[in-house]
Amino acid sequence: MQSVLTPKPPRSSKSGRTARAQGPATGTPKAAGSARRREIWAAYGFISPWIVGFVVFTAGPMLASLVLSFTDYDAIGSTHNVGFANYQQLFEDPQVAKSLMNTLIFAVLRVPLAMAFALVLAMLLLKVGRTAGLFRTVFYLPVMTPPVAVGILFLLLFNGNVGLINHVLGFFGIEGPSWTTDSFWVKPGLVLTSLWSVGSTVVIYFAALRSVPKDLYEAAELDGAGRWTSFRHVTLPQISGTLFFTLIVNTIASLQTFTEAYTAFFGTATTQSYSSDAALFYVVYLFQQAFQYMHMGYASALAWLLFLVILVITIIQAKVSKRFVYYEGDQR
Numbered sequence: 002m003q004s005v006l007t008p009k010p011p012r013s014s015k016s017g018r019t020a021r022a023q024g025p026a027t028g029t030p031k032a033a034g035s036a037r038r039r040e041i042w043a044a045y046g047f048i049s050p051w052i053v054g055f056v057v058f059t060a061g062p063m064l065a066s067l068v069l070s071f072t073d074y075d076a077i078g079s080t081h082n083v084g085f086a087n088y089q090q091l092f093e094d095p096q097v098a099k100s101l102m103n104t105l106i107f108a109v110l111r112v113p114l115a116m117a118f119a120l121v122l123a124m125l126l127l128k129v130g131r132t133a134g135l136f137r138t139v140f141y142l143p144v145m146t147p148p149v150a151v152g153i154l155f156l157l158l159f160n161g162n163v164g165l166i167n168h169v170l171g172f173f174g175i176e177g178p179s180w181t182t183d184s185f186w187v188k189p190g191l192v193l194t195s196l197w198s199v200g201s202t203v204v205i206y207f208a209a210l211r212s213v214p215k216d217l218y219e220a221a222e223l224d225g226a227g228r229w230t231s232f233r234h235v236t237l238p239q240i241s242g243t244l245f246f247t248l249i250v251n252t253i254a255s256l257q258t259f260t261e262a263y264t265a266f267f268g269t270a271t272t273q274s275y276s277s278d279a280a281l282f283y284v285v286y287l288f289q290q291a292f293q294y295m296h297m298g299y300a301s302a303l304a305w306l307l308f309l310v311i312l313v314i315t316i317i318q319a320k321v322s323k324r325f326v327y328y329e330g331d332q333r
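2 is the number of the first residue of the sequence shown in the numbering used here; add one for each residue after it.
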């Protein structure tokens, strides 16, 4: 009986204590490191299609164009190194300054108008309830329209004599301008046409507006804030990050506009020089130098100048945005 009640002495196995002490220090980290490496290689495997596509279709062509910008490459004859001659020509070519100014004016007109129009449509979607999905699809469908068709649509709608826009203005007793021939109205007409494809921005704004906490509106209402005050001090700060994102995206897209203007003013046999000069955007001129005149080296220099312009504008926007963009968790 005493042997049963007497507690058994603990086993003092040095090998057991050593195994338990060394297990976590040697075996587990090695297994964890192996699993970690497998996860890393699996991640690289999943993103490898994007990496290959980026190297082959983006980084590779960019580096090639940088090399070609220092040559007289024309895709036909022999290629010679010309140093900085192409870049020097950029400052001597008056068409570069003209096309760049046309592009900047177009971007300044289009970006704020497109953002405001898309925001109005997104706020209207919040009011329609269950049918928001249907209208969201309707607003997005024009994005799928080929840009060439949008260029033809511009000629049909904004024709000074038989265009639908001037007919509607005439119904109200307003004499419509010559959208396609008056150099002053060419860019505003193209800007209005570009509003046809703001559906993607509408969808982004709609998602941002739905994520604004309702209790913020309730608190503002209790404080006596009206609709405009709530929009200014609640809605805009809460979606400022989304507004900044679309500002960057729309600015880059506007600076690279090409198809609509080229289709309307440079892709037809009836192109008139006095109107096409107003529609000579930077990428249109780049395309002409590359594929009409076969000045591939000079076109590469034009492309890198546009890249630097977009880079500088984006950096400026990012610096200025720090004063206006609010993010959750921001302690400012």
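Built from N, CA and C at the ideal position, the CB exists for glycine as well.
Note the first and the last residue of the continuous alpha helix (DSSP H) segment covering residue 1. Outside the displayed range of the chain (2 to 333) lies residue 1, so it cannot be described from this structure.
Is it a yes or a no for the stretch 145-156 touching the stretch 219-232, going by three-plus beta-carbon pairs under 8 Å? no
Every unbroken alpha helix (DSSP H) within the stretch 52-112, with a cutoff of 4 residues, ordered by chain: 61-69, 86-93
Please specify which runs of the alpha helix (DSSP H), each continuous and at least 4 residues long, are wholly inside the stretch 180-265, giving them in chain order. 184-195, 200-211, 215-223, 228-231, 241-256
Are residue 122 and residue 199 touching if we call contact CB-CB under 9 Å? yes
Residues of its chain near residue 327, where Cβ-Cβ distance is below 6 Å and the 5 sequence neighbours each way are ignored: 238, 241
Residue closest to residue 282, alpha-carbon to alpha-carbon, out of 138, 103, 170: 103
According to the neighbour-count rule (16 or more other Cβ atoms, all chains shown, within 10 Å of its Cβ), is residue 93 buried or exposed? Counting Cβ neighbours within 10 Å, residue 93 comes out exposed, since fewer than 16 surround it.
Can you tell me whether DSSP reads residue 168 as helix, strand or coil? helix
For the candidate residues 192, 278, 285, 280, whose alpha-carbon lies nearest to that of residue 108? Out of 192, 278, 285, 280, 192 has the C-alpha closest to the C-alpha of residue 108.
Cβ shell of residue 26 (< 8 Å), same chain only, five flanking positions each side left out: Because the pLDDT of residue 26 is 46, which lies under 50, any placement of that residue in the model is unreliable, and the question is left without a value.
Return helix, strand or coil for residue 300, following the three-state DSSP convention. The three-state secondary structure of residue 300, taken from DSSP, is helix.
Three-state class that DSSP yields for residue 33 in the structure shown: helix
Answer yes or no: do residue 363 and residue 266 have a C-beta to C-beta separation smaller than 9 Å? Because residue 363 is not part of the residues shown, which for the chain are 2 to 333, the question remains open.
Residue 297 burial status per 10 Å Cβ neighbour count (16 or more: buried): Buried, because 16 or more other Cβ atoms sit within 10 Å of the Cβ of residue 297.
Near the ligand HEM: residue 279 beta-carbon under 8 Å from a heavy atom: With respect to the ligand HEM, the structure offers nothing, as it holds no ligand at all.
Keeping to the same chain, check which residues put their C-beta closer than 7 Å to that of residue 167; ignore five residues upstream and five downstream. Excluding residues within five positions, the ones whose Cβ falls inside 7 Å are 161, 177.
Alpha carbons only, please: which of 315, 303, 322, 323 is nearest the one belonging to residue 90? 303
Rounded C-alpha distance that separates residue 227 from residue 268: 51 Å
Alpha carbon to alpha carbon, what distance is there between residue 260 and residue 120? 25 Å
From 210, 77, 64, 101, residue whose alpha carbon lies closest to that of residue 128: Nearest of 210, 77, 64, 101 to residue 128, Cα basis: 210.
Leaving aside the five residues before and after residue 126 along the sequence, list all residues of the same chain whose C-beta is less than 7 Å from its C-beta, in chain order. 133, 136, 137, 207
Exposed or buried, which one is residue 87 when buried takes at least 16 other CB atoms within 10 Å? Around the beta-carbon of residue 87, 16 or more other beta-carbon atoms lie within 10 Å, marking it buried.
Excluding the five sequence neighbours on either side, which residues of its own chain have a C-beta within less than 6 Å of the C-beta of residue 217, listed in chain order? 235
Suppose contacts are defined by Cβ-Cβ distances below 9 Å. Is residue 151 in contact with residue 59 by that definition? no
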